[in-house]
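Structure first, then comments.
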Amino acid sequence: MKLPVICPEGECCHGSRGCVPGKGVPKIVLVGSPNVGKSSLFNALSGSYTLVSNYPGTSVEISRGKSKIREREYEIIDTPGMYSLLPVSEEERVSQLLIFEENPLVYLHVVDARNLRRMLSFTLQLLEAGLPLILVLNMMDEAEERGIEIDISELSRFLGIPVIGTVSNEGKGIDELKTAISEFVPENNTPDIQKFQKLDYGTEIEPYIESVENLLGPSKEFGISKRAFSLL
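Note that full-length UniProt numbering numbers the sequence shown so that position 215 is 215, with each residue one more than the last.
Given below as structure tokens:
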């Protein structure tokens, strides 16, 4: 259900656009492919009050909500589904813009635990882009029913980021996710993220990455590192 957001203290409304967070409210952006339960996770974090509006100049809907995590308020932004940082549709283009324009304190990459291997390539793109990331393995119950075993601790160690298993439509794992967010984003608004170690893609791929990097201009032209852009 789409309900109007009631403005808390320190926030304001702007005509028909409804309520928007006040300045300084930290943001959390949800990203992920379609049909991974991203919307149900958004609802689990933000509750019933959601502002839905079109991204300027498009018909693409963006959902924004609010969540209080460990006595701290956040704005939660749900982006349209996308498979890669390289957009091929208007929805994906809007998601790409939101990823780099909103400047959140943390990104939640929501994936379908049943298809983890296929979805980790997007995780690597986000990490190579230098984004502060928490990986959310959603639909863990369905993965377990299929006999899929995931060593979450080992995956977290390998990627150097928090990895949380959830069943968002049942609210399972949400408390653990909130704890991970609060520990990941301390009061000084600087994510406590380990430095992502550059992966070695092997002798068959690394030379091509280097070749593309050498053809590119300064990194600031792309908004992400030349290596991350080359991998797209």
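Where is the CB? At the ideal position from N, CA and C, for every residue including glycine.
Check, Outcome
"Would you call the region 101-109 and the region 125-140 touching, i.e. three or more CB-CB distances under 8 Å?", "yes"
"Give the secondary structure of Arg114 by DSSP, where H, G and I count as helix, E and B as strand, and everything else as coil.", "helix"
"How is Glu78 classed by DSSP in three states: helix, strand or coil?", "According to the sequence displayed, residue 78 carries Asp and not Glu. Residue state, collapsed to three classes: strand."
"Using the C-alpha atoms, what's the distance from Tyr83 back to Gly147?", "25 Å"
"So Ile69 packs on Ser182, CB below 8 Å; how close in whole Å?", "6 Å"
"Between Lys66 and Glu210, what straight-line distance do the alpha-carbon atoms span, to the nearest angstrom?", "42 Å"
"Measure the Cβ-Cβ separation of Thr166 and Leu41 and say whether it is below 8 Å.", "yes"
"Any idea what DSSP makes of Thr123, helix, strand or coil?", "helix"
"Compute the distance between the beta-carbons of Pro80 and Val60, then report whether it is under 8 Å.", "yes"
"Using three-state DSSP, classify Ile152 as helix, strand or coil.", "helix"
"Put Ser33 into one of helix, strand or coil per three-state DSSP.", "coil"
"On the DSSP bridge assignment, give the partners of Lys68 in chain order.", "Glu73"
"CA-CA distance, Ile174 and Ser63?", "19 Å"
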